[in-house]
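In this text, residue positions in the sequence shown follow our numbering: the first is 209, and each later residue adds one. C-beta atoms are modelled at their ideal positions from N, C-alpha and C, and glycine is treated no differently. Bear in mind the structure is a predicted one, so any value in this text is a computation, not a measurement.
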Amino acid sequence: MSTEPAGPPIYLDADACPVKDETYRVAARYGLTVHVVANSVLNLPREPWIMRVVVGSALDAADDWIAARAGPGSIVLTADVPLAARCVKTGATVLAFTGKPFSESSIGMALATRDLMQSLREAGTITGGPKPFSKADRSAFLSALDRAVNRILRERPRTA
(Lines of atoms letter the chains of each structure in order from A and count residues from 1; the text may use other names and numbers.)
(Lines give C-alpha, C1' and ligand atoms only; values in the text may rest on other atoms or scores of the structure.)
Protein backbone atom coordinates (compact mmCIF):
# COMPACT_ATOMS: atom_id res chain seq x y z
CA MET A 1 0.00 0.00 0.00
CA SER A 2 1.38 3.40 -1.02
CA THR A 3 1.54 6.34 1.37
CA GLU A 4 2.03 8.70 -1.55
CA PRO A 5 -0.73 11.34 -1.87
CA ALA A 6 -3.34 10.71 -4.55
CA GLY A 7 -2.33 13.79 -6.48
CA PRO A 8 -0.69 17.18 -6.36
CA PRO A 9 -0.85 19.24 -3.19
CA ILE A 10 -2.69 22.53 -3.59
CA TYR A 11 -1.39 25.65 -1.86
CA LEU A 12 -4.14 28.28 -1.62
CA ASP A 13 -3.18 31.90 -0.90
CA ALA A 14 -6.43 32.31 0.99
CA ASP A 15 -6.57 35.93 2.14
CA ALA A 16 -9.26 37.56 -0.06
CA CYS A 17 -9.61 34.42 -2.20
CA PRO A 18 -12.98 34.28 -4.03
CA VAL A 19 -12.66 30.62 -5.14
CA LYS A 20 -12.19 28.63 -1.93
CA ASP A 21 -15.36 26.58 -2.43
CA GLU A 22 -14.42 25.76 -6.03
CA THR A 23 -10.96 24.68 -4.90
CA TYR A 24 -12.46 22.38 -2.27
CA ARG A 25 -14.84 20.88 -4.84
CA VAL A 26 -12.02 19.99 -7.26
CA ALA A 27 -9.80 18.71 -4.44
CA ALA A 28 -12.57 16.47 -3.10
CA ARG A 29 -13.17 15.02 -6.58
CA TYR A 30 -9.50 14.00 -6.94
CA GLY A 31 -8.66 13.25 -3.30
CA LEU A 32 -6.15 16.10 -3.01
CA THR A 33 -4.82 17.94 0.02
CA VAL A 34 -5.46 21.69 0.15
CA HIS A 35 -3.23 23.87 2.31
CA VAL A 36 -5.28 27.00 3.07
CA VAL A 37 -2.66 29.60 3.96
CA ALA A 38 -3.72 32.88 5.59
CA ASN A 39 -2.57 35.56 8.01
CA SER A 40 -5.53 34.93 10.31
CA VAL A 41 -7.89 32.11 11.23
CA LEU A 42 -10.48 31.47 8.52
CA ASN A 43 -13.68 29.48 8.83
CA LEU A 44 -13.02 26.29 6.84
CA PRO A 45 -14.94 23.10 6.20
CA ARG A 46 -13.94 20.33 8.60
CA GLU A 47 -12.38 17.87 6.19
CA PRO A 48 -9.21 15.87 6.88
CA TRP A 49 -7.76 16.89 3.50
CA ILE A 50 -8.12 20.65 4.17
CA MET A 51 -5.12 21.89 6.15
CA ARG A 52 -5.41 25.24 7.90
CA VAL A 53 -2.11 27.14 7.93
CA VAL A 54 -2.09 30.40 9.91
CA VAL A 55 1.22 32.16 9.37
CA GLY A 56 0.79 35.31 11.44
CA SER A 57 0.70 38.93 10.40
CA ALA A 58 4.28 39.45 9.20
CA LEU A 59 4.51 40.98 5.72
CA ASP A 60 4.72 38.21 3.09
CA ALA A 61 4.52 35.43 5.70
CA ALA A 62 1.89 33.53 3.69
CA ASP A 63 3.90 34.01 0.50
CA ASP A 64 7.08 32.77 2.17
CA TRP A 65 5.32 29.67 3.55
CA ILE A 66 3.85 28.76 0.16
CA ALA A 67 7.02 29.51 -1.84
CA ALA A 68 9.09 27.34 0.52
CA ARG A 69 6.90 24.31 -0.27
CA ALA A 70 5.87 24.84 -3.89
CA GLY A 71 7.65 22.89 -6.57
CA PRO A 72 7.18 20.51 -9.47
CA GLY A 73 3.96 18.55 -9.07
CA SER A 74 2.27 21.12 -6.83
CA ILE A 75 -0.41 23.69 -7.61
CA VAL A 76 -0.36 27.23 -6.24
CA LEU A 77 -3.50 29.38 -6.38
CA THR A 78 -2.91 33.10 -5.93
CA ALA A 79 -3.64 36.59 -7.22
CA ASP A 80 -0.27 37.78 -5.90
CA VAL A 81 2.02 38.23 -8.92
CA PRO A 82 5.33 38.30 -6.99
CA LEU A 83 4.32 35.06 -5.21
CA ALA A 84 3.35 33.58 -8.58
CA ALA A 85 6.80 34.49 -9.93
CA ARG A 86 8.54 32.79 -7.00
CA CYS A 87 6.48 29.62 -7.45
CA VAL A 88 6.82 29.49 -11.24
CA LYS A 89 10.59 29.61 -10.69
CA THR A 90 10.34 26.46 -8.51
CA GLY A 91 8.45 24.57 -11.23
CA ALA A 92 5.02 24.71 -9.59
CA THR A 93 1.82 25.04 -11.60
CA VAL A 94 0.45 28.49 -10.72
CA LEU A 95 -3.07 29.76 -11.42
CA ALA A 96 -4.72 33.09 -10.75
CA PHE A 97 -8.20 33.05 -9.22
CA THR A 98 -9.59 33.82 -12.68
CA GLY A 99 -8.03 30.61 -14.02
CA LYS A 100 -5.26 32.44 -15.87
CA PRO A 101 -2.07 30.38 -15.68
CA PHE A 102 1.21 32.00 -14.76
CA SER A 103 4.15 30.51 -16.67
CA GLU A 104 7.81 31.21 -17.34
CA SER A 105 6.81 32.91 -20.58
CA SER A 106 4.08 35.11 -19.03
CA ILE A 107 5.38 35.99 -15.57
CA GLY A 108 7.77 38.74 -16.72
CA MET A 109 4.96 40.66 -18.41
CA ALA A 110 2.67 40.09 -15.41
CA LEU A 111 5.31 41.55 -13.06
CA ALA A 112 5.93 44.51 -15.36
CA THR A 113 2.20 45.23 -15.64
CA ARG A 114 1.78 44.96 -11.87
CA ASP A 115 4.66 47.38 -11.28
CA LEU A 116 3.32 49.84 -13.87
CA MET A 117 -0.17 49.78 -12.37
CA GLN A 118 1.24 50.25 -8.86
CA SER A 119 3.25 53.27 -10.06
CA LEU A 120 0.18 54.76 -11.73
CA ARG A 121 -1.90 54.26 -8.56
CA GLU A 122 0.81 55.87 -6.43
CA ALA A 123 0.90 58.83 -8.81
CA GLY A 124 -2.88 59.19 -8.48
CA THR A 125 -3.50 58.42 -12.15
CA ILE A 126 -5.55 55.30 -11.45
CA THR A 127 -7.94 55.26 -8.54
CA GLY A 128 -10.08 52.20 -9.33
CA GLY A 129 -9.34 48.62 -8.46
CA PRO A 130 -9.68 45.45 -10.48
CA LYS A 131 -12.94 44.59 -12.23
CA PRO A 132 -15.46 42.66 -10.13
CA PHE A 133 -15.09 38.89 -9.99
CA SER A 134 -17.62 37.32 -12.37
CA LYS A 135 -19.36 33.99 -12.92
CA ALA A 136 -17.24 33.60 -16.05
CA ASP A 137 -14.07 34.05 -13.93
CA ARG A 138 -15.33 31.40 -11.50
CA SER A 139 -16.08 28.98 -14.34
CA ALA A 140 -12.71 29.63 -16.00
CA PHE A 141 -10.98 28.96 -12.68
CA LEU A 142 -12.78 25.64 -12.21
CA SER A 143 -11.84 24.50 -15.71
CA ALA A 144 -8.22 25.62 -15.36
CA LEU A 145 -7.78 23.90 -11.98
CA ASP A 146 -9.31 20.67 -13.31
CA ARG A 147 -7.00 20.76 -16.36
CA ALA A 148 -3.96 21.45 -14.15
CA VAL A 149 -4.73 18.52 -11.85
CA ASN A 150 -5.26 16.18 -14.81
CA ARG A 151 -2.03 17.31 -16.49
CA ILE A 152 0.00 16.69 -13.33
CA LEU A 153 -1.63 13.29 -12.80
CA ARG A 154 -0.84 12.29 -16.43
CA GLU A 155 2.79 13.43 -16.10
CA ARG A 156 3.37 11.77 -12.72
CA PRO A 157 5.69 8.76 -13.01
CA ARG A 158 3.93 5.48 -12.49
CA THR A 159 5.23 3.19 -9.74
CA ALA A 160 4.76 -0.56 -9.62
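**Asked** Do you know whose CA, among A304, P365 and V262, lies nearest W273's CA?
**Response** For W273, the closest C-alpha among the options A304, P365 and V262 is that of V262.
**Prompt:** Do the segment 294-301 and the segment 230-245 make contact, defined as three or more Cβ pairs closer than 8 Å?
**Reply:** Result no; under three Cβ-Cβ pairs closer than 8 Å.
**Prompt:** Thinking C-beta only, is A235 closer than 8 Å to I218?
**Reply:** Yes. Within cutoff.
**Request:** Return the CA-CA distance between P253 and E363, expressed in angstroms with no decimal places.
**Result:** CA-CA distance, P253 to E363, rounds to 30 Å.
**Prompt:** How is P309 classed by DSSP in three states: helix, strand or coil?
**Reply:** Here P309 sits in strand by DSSP.
**Asked** Quick one: what does DSSP say T301 is sitting in, helix, strand or coil?
**Response** T301 falls in the strand class under three-state DSSP.
**Prompt:** When we look at the beta-carbon of D288 and count the other beta-carbons within 10 Å, is it buried (16 or more) or exposed?
**Reply:** Buried, since its Cβ has 16 or more Cβ neighbours within 10 Å.
**Message:** On the criterion of 16 or more Cβ atoms from any shown chain inside 10 Å, does V249 qualify as buried, or is it exposed?
**Reply:** Counting every other CB atom within 10 Å of its CB across the protein chains shown gives V249 a total below 16, marking it as exposed.
**Prompt:** Using a Cβ-Cβ cut-off of 7 Å (strictly less than) and excluding sequence neighbours within five positions of P226, which residues of its own chain qualify?
**Reply:** Result list for P226: F305 and F341, in chain order.
**Message:** Output needed for G279: all residues of its chain with C-beta closer than 8 Å, excluding positions within five of it in sequence on either side, in chain order.
**Reply:** Sequence-distant Cβ neighbours of G279 in its own chain, meaning closer than 8 Å and more than five residues away, are T298, G299 and A300.
**Message:** Just to confirm the assignment, what range does the beta strand (DSSP E) spanning L220 have?
**Reply:** Element bounds for L220: I218 to D221.
**Asked** Would P216 be called buried (16 or more neighbouring beta carbons within 10 Å of its own) or exposed?
**Response** By the neighbour-count criterion, in which 16 or more other beta carbons inside 10 Å mark a residue as buried, P216 falls on the buried side.
**Message:** Would A236 pass as an interface residue toward chain B - the criterion being a Cβ-Cβ separation below 8 Å?
**Reply:** The chain inventory of the structure shown lacks chain B, comprising one protein chain alone.
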